[in-house]
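The sequence shown: position 255 = 746 (our numbering), numbered continuously.
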Amino acid sequence: MGNILEVVGVEKKYPGVVANRDVSLQVREGSIHAIIGENGAGKSTLMKTLYGLIRPDAGSIKVFGQEVSLKSPQDAIALGIGMVHQHFKLADNATVLENVILGSEPSCFGFVIKYDEARKKLLEIAETYHLDIDPDESLSNLGVGERQRVEIAKVLFRGAKILILDEPTAVLVPQEVTELFENLRDLVNKGLTVLFISHKLDEVLSIADDITIMRQGTTVVTKKPADTNKKELAELMVGGELPKPIAGVQNISKTSILSIKEASYSRLDGREILHDLNLDLHGGEILGLAGVEGNGQSELIELIMGLLSPTTGSVEVLGLDAAHTHTRDIRNAGVAYIPQDRQRDGLLMSAPLWENRILGHQFATPMANGIWVNKGAAAEDSKRVVEEFDVRTPGVNVLASALSGGNQQKFIVGRELSGDPKLIVAAQPTRGVDVGAQAIIWDHLMKARSHGVGILLISADLEELFSLSDRIAVIYSGSIVSILNPLNTSPEDLGLAMTGAKSA
Ligand SMILES: Nc1ncnc2c1ncn2[C@@H]1O[C@H](COP(=O)(O)OP(=O)(O)OP(=O)(O)O)[C@@H](O)[C@H]1O
Ligand SMILES: [Mg+2]
């Protein structure tokens, strides 16, 4: 097998940051090639360069041995390179088929879209690569795993031979990861090449044929899974030993700080999303919430934050009736919230970091100054967050959009753990962060717990649930179906409970 893709000496600078320097990469045709590295190591930058979204300052790229100049994604697509982004780019108000053809509509004389032809082609692709998708389904009905298959189909529809996936598994639950990997195997068995980024080392070791490690903007080495292990990969990424998480002190209080009783919630169309849900969380406790996405987690969070009111039942947060309390007052009472969709709910992407520090905390110290915002204090405190949470950025005046995905996440977590929260609602707190940053965030959560803070940890990462939780509640079809003790539960049992199977 020859190299389908070769990168030599690629460099990309941003003001104050060298995102890529002296990058070299050889990707074998028909292989699954993983790229790993710390947050901000330059992985997405390299992938965007290969997809023609970024023009490198120096270096060369060869596709099938030919040096190419990629000025735009159109150039990349013409050469058979397709990309699925870290944050999906699909239109919610359109069908799967419409999304797939968007931007490459097969047309007759340039104006009539040939839907039948496109549908046929999409169905062929779906069958060839065993991608489970329905062309006529509305995108708004799809979960994350399905959306990802649509993104993959979209890339294949354009004739991609090299498929680039930026952190495809970060948003998936374990069963979906297995499905995705089966799909990727199918793709390479049929001659395609897959290049993907991941922070999950176990996963990379199990699926990749080659693993390239990036550190501080450059490619360090490429390894074969058989010749390396998790510890070595982690050390190659950080350039030293990993920080060890400290175990917290257990200090669970008698008072319940979150108490949900028989809460149900139905949407306007009458569909019941939550059904007689009961949940109790005490100070000093981490309560894990496990479940396959779409079983009511988002609505449960919205009930707690006072964004939705239960149809029946009650939600009490720090002694407040959440249904009749403004979200702002819930926050001010001491509820911190780490949202799962960082770009949509967690950040103003086109605002500088210091402004993002204020977001949701306009009325809290140290930012509030009467009715005014104290910019200096916000900037000062942003610097503290950047330092404590190891956010890699040239400063607090840069825009949130200039931070790498994992560094955006670290900033949000740092902001939400500021001030003295009594309850932390943490949805996927370490999604997309590297192993070192994960250890830092876990540490902070454990510390908060030993100080008596109650934490509701909503996570798709079973390792995270097992490592942090005092109890794990399983949500299925809008109800809590079991409460498990992580010390005597196996990951398999938990997985089973998540699918709604009754525990023995
Ligand atoms: N548009 C931009 N403007 C300024 N700096 C940028 C921009 N895009 C990326 N950077 C910087 O380049 C560096 C590499 O970012 P990149 O997104 O490639 O990291 P990454 O390895 O993908 O990290 P993560 O694992 O967090 O996604 C980071 O320091 C980031 O802040
Ligand atoms: Mg990235």
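Yeah, the Cβ is synthetic: ideal placement off N, Cα and C, and Gly gets one too.
Just measuring C-alpha positions, the residue of 584, 577, 568, 533 sitting nearest residue 595 is 568. Secondary structure of residue 981 (DSSP, three-state): coil. With distances taken between CA atoms, residue 937 lies nearest to 920 out of 951, 920, 924, 834. In the three-state reduction of the DSSP assignment, residue 665 falls in the helix class. For residue 498, the enclosing beta strand (DSSP E) covers residues 494-505. The residue among 530, 547, 695, 684 with its C-alpha nearest the C-alpha of residue 499 is 547.
DSSP places residue 607 in the helix class (H, G or I) of the three-state scheme. In the three-state DSSP reduction, residue 553 falls in the strand class (E or B). Excluding residues up to 5 positions away in sequence, 564 lie with their Cβ nearer than 7 Å to the Cβ of residue 544 in the same chain. Shown here for residue 884: same chain residues with a beta carbon closer than 7 Å to its own, the five before and five after excluded, namely 844, 877, 894, 898 in chain order.
Out of 757, 969, 970, 965, the CA that lies nearest to the CA of residue 987 is found in 965.
About 14 Å separates the CB atoms of residue 581 and residue 613; that is not less than 8 Å, and the two are not in contact. Cβ atoms of residue 870 and residue 887 come within 8 Å of each other, at about 5 Å. Contact between the region 838-852 and the region 938-951 is absent, with fewer than three C-beta pairs closer than 8 Å. The beta-carbon distance between residue 813 and residue 907, rounded to whole angstroms, is 18 Å. This is too long to meet the 8 Å contact definition. For residue 687, the secondary structure class from DSSP, reduced to helix, strand or coil, is strand.
Residue 590 sits buried, since 16 or more C-beta atoms from the chains shown fall within 10 Å of its C-beta.
Screening all residues for a C-beta within a distance smaller than 7 Å of any heavy atom in ligand 2 leaves 534, 535, 577, 657, 658, 688, 895, 896, 897, in chain order. Counting along the chain, the unbroken alpha helix (DSSP H) around residue 822 starts and ends at 818-823. Distance check between residue 528 and each of 635, 646, 707, 741 places 707 closest, using alpha-carbon atoms only. By the neighbour-count definition (other C-beta atoms within 10 Å, threshold 16), residue 557 is an exposed residue. The beta-carbon separation of residue 639 and residue 671, rounded to 7 Å, stays under the 8 Å limit for a contact. One Cα belongs to residue 620, the other to residue 719, and the distance between them is close to 30 Å. Around the beta carbon of residue 644, a 10 Å sphere encloses 16 or more other beta carbons of the protein chains shown; the residue is thus reported as buried. For residue 706, the enclosing beta strand (DSSP E) stretches over residues 701-706. When DSSP states are grouped into helix, strand and coil, residue 710 belongs to the strand group. Counting only runs that start and end inside the region 872-926, the alpha helix (DSSP H) elements of at least 4 residues fall at 896-907.
With distances taken between CA atoms, residue 536 lies nearest to 511 out of 530, 551, 511, 515. The three-state secondary structure of residue 937, taken from DSSP, is helix. Residue nearest to residue 958 within the set 666, 971, 980 is 980 (criterion: CA-CA distance). Shown here, residue 517 sits in a strand according to DSSP, grouped into three states. At a Cβ-Cβ threshold of 7 Å, residue 806 and residue 798 do not count as neighbours.
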